[in-house]
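Residue numbers (UniProt numbering): 1 to 257.
Right, one structure below, let's go through it.
Encoded structure:
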């Protein structure tokens, strides 16, 4: 594998699934001066890589970029590869991306979401949906069920998958459905091929209706297994995201029964 990727190839890879995890590692001064970053990118301080690398999603190739593709991004990519990640740096950095007329997006603070602790189906599926289609750097809190609304009020986090909130169960639909309905206009990608099928699988597994599709029972079993294996909800989420990447890839390919 090449240690670098050109802007044209990175732009093309954004249509693949899962897309590479793009990380902005510009020095803080340079980052503050631009107020823009690549679409779908997350921001991390290159000087603090040892602190944040343990929370980076697994199972996805990584592309890091700096201002012009020089030392900072190359050092970060090397450090990630040394830790077992498949990582490249972007040739010519954000400047080369901009020179080719590729889009940028404004810098925004990561969104914050809160739900009940000890997730099974919806409380892993919903973060996956949010990270992949709404906010790639979204942060998630897991708290006791009776503390969700208080945590939301204290932190400004959006509550989901609890009774009585907008992003919860309504009729026969689960919280995964509610998030798709709520954010469809802001994120048209929520109508992407395969998501209807995945939504049905999640709904069947989460609402006790495995008869909806054959895969629902399997997802429920895997979800219970993840909860049994991991006693840390965020570690469970980190590994659970890979499950939904794989399931969605199968849905996109039309390879399910």
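Virtual Cβ for every residue (Gly too), placed ideally from N, Cα, C.
No experiment lies behind these values; they were computed from the predicted model shown.
| query | To the nearest angstrom, how far is it from the Cα of residue 215 to the Cα of residue 128? | reply | The residue labelled residue 215 in the question sits at position 215 within the chain shown. The residue labelled residue 128 in the question sits at position 128 within the chain shown. Each residue's alpha carbon lies about 18 Å from the other.
| contact_flag[the stretch 38-51, the stretch 88-105] where n(CB pairs < 8 Å) is 3 or more | yes
| said: For a test of the three-state rule: what should DSSP assign to residue 215, helix, strand or coil? | reply: Numbered from its first residue, the chain shown carries residue 215 at position 215. Of the three classes helix, strand and coil, the one that applies to residue 215 here is helix, per DSSP.
| What do you reckon, are the CB atoms on residue 26 and residue 66 nearer than 8 Å? | On the chain shown, position 26 is the one that residue 26 refers to. On the chain shown, position 66 is the one that residue 66 refers to. Closer than 8 Å, so yes.
| query | How many angstroms separate the CA atom of residue 44 from the CA atom of residue 211? | reply | Here residue 44 corresponds to residue number 44 of the chain shown, with the count starting at 1. Here residue 211 corresponds to residue number 211 of the chain shown, with the count starting at 1. If you take the alpha carbons of residue 44 and residue 211, they lie about 43 Å apart.
| request: Could you pull out every residue in the same chain whose Cβ sits closer than 7 Å to the Cβ of residue 125, ignoring the five residues on either side in sequence? | output: In the chain shown, counting from the first residue as 1, residue 125 sits at position 125. Excluding sequence neighbours, residue 125 sits near 176, 202 and 244.
| query | In the stretch 149-204, which residue ranges form an unbroken alpha helix (DSSP H) of at least 4 residues, counting only runs that do not cross its ends? | reply | 175-183
| request: List in chain order: all unbroken alpha helix (DSSP H) runs of 4+ residues lying wholly within the UniProt domain "Rhodanese" (16-106). | output: 28-34, 49-52, 71-82 and 93-99
| request: Could you say if the stretch 172-186 and the stretch 127-144 meet the contact criterion of at least three C-beta pairs nearer than 8 Å? | output: yes
| request: Return the residue from the list 10, 9, 17 and 1 that minimises the CA-CA distance to residue 192. | output: As a position in the chain shown, residue 192 is number 192, starting the count at 1. Of the candidates 10, 9, 17 and 1, the one whose C-alpha sits nearest the C-alpha of residue 192 is 17.
| Can you tell which of 143, 166, 140 and 254 has its C-alpha closest to the C-alpha of residue 195? | Residue mapping note: residue 195 aligns to position 195 of the chain shown, counting from 1. Here the closest residue by C-alpha is 254.
| field | Buried/exposed call for residue 130, threshold 16 Cβ in 10 Å | value | Here residue 130 is taken as the residue at index 130 of the chain shown, counted from 1. Residue 130 comes out buried.
| task | Determine the closest residue to residue 72 out of 249, 160 and 29, with distance taken between C-alpha atoms. | result | For this step, residue 72 is matched to residue 72 along the chain shown. Looking at the Cα atoms, 29 is the closest of the given residues.
| query | Is DSSP giving residue 274 helix, strand or coil here? | reply | This structure cannot settle anything about residue 274, because the visible part of the chain is limited to 1 through 257.
| message | So if DSSP puts residue 142 in a beta bridge, which residue, or which two residues, is it bridged to? | response | Taking the first residue of the chain shown as position 1, residue 142 is located at position 142. Paired residue(s): 115.
| request: Give me the Cα-Cα distance between residue 169 and residue 93, rounded to the nearest whole angstrom. | output: The residue you call residue 169 lines up with position 169 of the chain shown. The residue you call residue 93 lines up with position 93 of the chain shown. The alpha-carbon atoms of residue 169 and residue 93 are separated by roughly 43 Å.
| request: Would you list the one or two residues that DSSP bridges to residue 5? | output: For the purposes of this step, residue 5 is taken as residue 5 along the chain shown, with counting starting at 1. 90.
| With 16 other Cβ atoms within 10 Å as the buried cut-off, status of residue 185 | For this step, residue 185 is matched to residue 185 along the chain shown. Exposed.
| request: Excluding the 5 residues preceding and the 5 following residue 258 in the sequence, name in chain order all residues of the same chain whose CB lies nearer than 6 Å to its CB. | output: For the chain, the structure presents residues 1 to 257; residue 258 sits outside this window and is missing.
| Pairwise C-alpha distance: residue 69 and residue 95 | In the chain shown, the residue the question calls residue 95 occupies position 95. In the chain shown, the residue the question calls residue 69 occupies position 69. Each residue's alpha carbon lies about 8 Å from the other.
| task | Report the option in 232, 236 and 148 whose CA atom is closest to the CA atom of residue 223. | result | Counted from its first residue, the chain shown places residue 223 at position 223. For the residues 232, 236 and 148, the minimum Cα distance to residue 223 belongs to 236.
| task | Would you kindly check if the distance between the Cβ of residue 119 and the Cβ of residue 63 is under 8 Å? | result | Translated into the one-based positions of the chain shown, residue 63 becomes position 63. Translated into the one-based positions of the chain shown, residue 119 becomes position 119. No. Outside cutoff.
| field | Spatial distance of residue 2 from residue 52 (CA atoms) | value | Residue mapping note: residue 2 aligns to position 2 of the chain shown, counting from 1. Residue mapping note: residue 52 aligns to position 52 of the chain shown, counting from 1. Looking at the two C-alpha atoms, the distance is approximately 24 Å.
| request: Output the boundary residues of the alpha helix (DSSP H) element that contains residue 230. | output: Here residue 230 refers to the residue found at position 230 when the chain shown is read from its first residue. Segment: none, residue 230 is in no alpha helix (DSSP H) and carries neither H nor E.
| query | In three-state terms, what does DSSP make of residue 243? | reply | Taking the first residue of the chain shown as position 1, residue 243 is located at position 243. It is helical.
| field | Per-residue burial, residue 229 [other beta carbons within 10 Å of its own, 16 or more giving buried] | value | Your numbering for residue 229 matches position 229 in the chain shown. Exposed, because fewer than 16 other Cβ atoms sit within 10 Å of the Cβ of residue 229.
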